[in-house]
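K.L.:
Provided herewith is a single structure, encoded as C-alpha cells, for subsequent inquiry.
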Amino acid sequence: MATFTDFVRSNTTEPHRIRTRQILKSHPEIKKLIGQKNPATFWVILGCVTLMTGMAYLVRDQSWWVVVAAAWFIGAFPAHTLFVCIHEAAHNLIFRKPSANMWAAIFANLPTVFPTALSFKNFHIKHHAFQGVHELDADLPDWYEAKLINNYAIGKAIWLLLFPIFQGIRTIRCRELAVIDKWVAANMIVQIAFDALIVVLFGWKALIFLGLCLFFSVGFHPLGARWIQEHYLTLDKEQETYSYYGRLNGPNLNVGFHNEHHDFPSIPWNKLPDIKKSAPEYYDTLKYHTSFVRLFFRFLFDQEISLYSRIVRKERGRVTIADQSKPDLEIVQTQDYPAKVTA
864 MATFTDFVRS NTTEPHRIRT RQILKSHPEI KKLIGQKNPA TFWVILGCVT
914 LMTGMAYLVR DQSWWVVVAA AWFIGAFPAH TLFVCIHEAA HNLIFRKPSA
964 NMWAAIFANL PTVFPTALSF KNFHIKHHAF QGVHELDADL PDWYEAKLIN
1014 NYAIGKAIWL LLFPIFQGIR TIRCRELAVI DKWVAANMIV QIAFDALIVV
1064 LFGWKALIFL GLCLFFSVGF HPLGARWIQE HYLTLDKEQE TYSYYGRLNG
1114 PNLNVGFHNE HHDFPSIPWN KLPDIKKSAP EYYDTLKYHT SFVRLFFRFL
1164 FDQEISLYSR IVRKERGRVT IADQSKPDLE IVQTQDYPAK VTA
C-alpha cells in the first residue's frame, strides 16, 4: 500500500446500509436477531465497576510505578469493557426502555473519571449514519491531527497516549450534533459526585489511577489498536471497515465484529457472531484482523499507515440529522417480513 498524504476521497455513501439490505434479502432468518436486548450486560457493568473501584482502593497508598503498572496491565481491560457497555447502551441494546439504557451508561461511566457516556451516544449514533462525513463523524481524525502526527512512530505513539483528548477536541467541529440535554447534565452531575467521593474516601492517587485506566484502555495499549482496526485502511485502500476475530473479543464483548455491528446496529453484542455464521459469503470475503498486538506495533512503525489512512466523503445520502442509525430495524419494519421485531 502507498503512503497516504491526504484522506482518501469517496463519492459514494457509506457502504453498510446497502449491505444490510442485501444480507436481509439473502438471509431473512437474521431478522429474528434484530431488536433483541441483552440485560445481562448490566451484570458485566456491575462487575467491572466493582473491580475498578476495588483496585482504586488497593493502589491508593502504593508507589507510582505500581499505580501505572496496575492501570496498564490490569485496569485497562475492565475500563475498555465498560466503554463497550456504554456503546451497547448508546444503541439501546441492554434494556427496552431508552431511559434505562441511559442510566446504565451513566453507571458504566463511573470508574472512567470523565462524564462522556451520554455525549458519546449523541456523537456515535451519527458516526453510523454519516460514516466518513468530516463535519458529522467524530470518529474521523481532524485535518490538523493527521498533519501534526504524520506517519512517524513517535507522533503516532503520542497520538495514542492522548487519544481521549484528541477525540474530545474533534467534537467541536461537529456543530450540527452539539447536544446538552438533561441526560448529559445528569451524566456530569453523577460523575462529578463519584469522582469527589473517590478523592474523599481513597485520595487523589486512586482517582489518577482510574484516569490512567481510561487513557490506556483506548490509547497507548494493544487495546487502543481497536481504533485502527475499525476504519483505517490497513489492509485494503478501498475497504473502509474491518472486523477483528481474535481472543480479546471475549473480554471486549465481541466489539471486534465491527462490520457485523455496522451492518446490524440493532443486534446486541452476544448475537454478532451469529450474523457472520448466517451470512459467511458476505463476511469471509472481507479482510479482517486477528491480533491487536500485531496491529498496534504495525500502526506505530509502518510509515505507510498514518491518520490520513481513512476514507472521507461529502455524500450524506438521504439520511437526515435526526436519524437514529437503525437501518436494519427500519428495513425489517417497512418490508413484508412475517416476524414481529421490536425496537
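Residue numbers (the working numbering): 864 to 1206. Using N, Cα and C, we set each Cβ at its ideal position, and we do this for glycine too. Computed from a predicted model, the values in this text were never measured in an experiment.
#1: From Asn985 to Val1042, what distance separates their C-alpha atoms?
#2: May I ask you to verify whether the segment 1175-1190 touches the segment 875-882, counting CB pairs closer than 8 Å and requiring at least 3?
#3: Considering only their Cβ atoms, is the gap separating Gly1074 from Phe1026 smaller than 8 Å?
#4: Quick test of your reading: Tyr1146 and Asn1117, contact by CB under 8 Å. State the CB separation rounded to the nearest angstrom.
#5: Report buried or exposed for Gly1113, applying the criterion of at least 16 other Cβ atoms within 10 angstroms of its Cβ.
#6: Just curious, the beta strand (DSSP E) that Ser926 is in, first and last residue?
#7: Would you call Gln1054 buried or exposed, if buried means 16 or more other Cβ atoms sit within 10 Å of its Cβ?
#8: Do the CB positions of Leu956 and Asn901 come within less than 8 Å of each other?
#9: Taking Val1047 and Leu981 to be in contact with their CB atoms under 8 Å, please state how far apart those CB atoms are, rounded to whole angstroms.
#10: In the DSSP assignment, find the alpha helix (DSSP H) that holds Ile1012 and state where it starts and stops.
#11: Is there contact between the segment 1133-1140 and the segment 889-903, where contact requires at least three CB pairs shorter than 8 Å?
#12: Would you kindly check if the distance between the Cβ of Lys1150 and the Cβ of Gln1102 is under 8 Å?
#13: What residue range does the alpha helix (DSSP H) around Ser889 cover?
#14: In terms of DSSP beta bridges, what is Val1175 paired with?
#15: Quick check on the DSSP output: the alpha helix (DSSP H) that includes Ala1088 runs from which residue to which?
#16: Can the beta-carbon of Phe1120 be found less than 8 Å from the beta-carbon of Ser1106?
#17: Which class does His991 belong to by DSSP, given the choice of helix, strand or coil?
#18: Looking at the strands, I want to know which residues DSSP matches up with Tyr1107.
#19: Can you say whether Glu951 is buried or exposed, counting buried as having 16 or more other CB atoms within 10 angstroms of its CB?
#20: Are the CB atoms of Phe983 and Tyr1171 within a distance shorter than 8 Å?
#21: Pull up the distance between the alpha-carbon of His990 and that of Gln1030, whole angstroms please.
#22: Give the DSSP-derived three-state secondary structure of Val1195 in the structure shown.
#23: Since Pro1027 is in the alpha helix (DSSP H), which residue starts that stretch and which ends it?
P.N.:
On the basis of the supplied data:
#1: 7 Å
#2: yes
#3: No, Cβ-Cβ distance for Phe1026 and Gly1074 is not below 8 Å.
#4: Contact doesn't hold; Cβ gap of about 13 Å is too wide.
#5: exposed
#6: Ser926 -> no beta strand (DSSP E), and no H or E assigned at all.
#7: buried
#8: yes
#9: At roughly 5 Å, the Cβ-Cβ gap stays under 8 Å, so Val1047 and Leu981 are in contact.
#10: 1006-1012
#11: yes
#12: Inclusion of Gln1102 and Lys1150 in the CB contact set at 8 Å is warranted, their separation being smaller than that value.
#13: 879-889
#14: Arg872
#15: 1088-1094
#16: yes
#17: Note: His991 maps to helix in three-state DSSP.
#18: His1152
#19: buried
#20: no
#21: Put simply, the backbone Cα of His990 is about 13 Å away from that of Gln1030.
#22: helix
#23: 1026-1033
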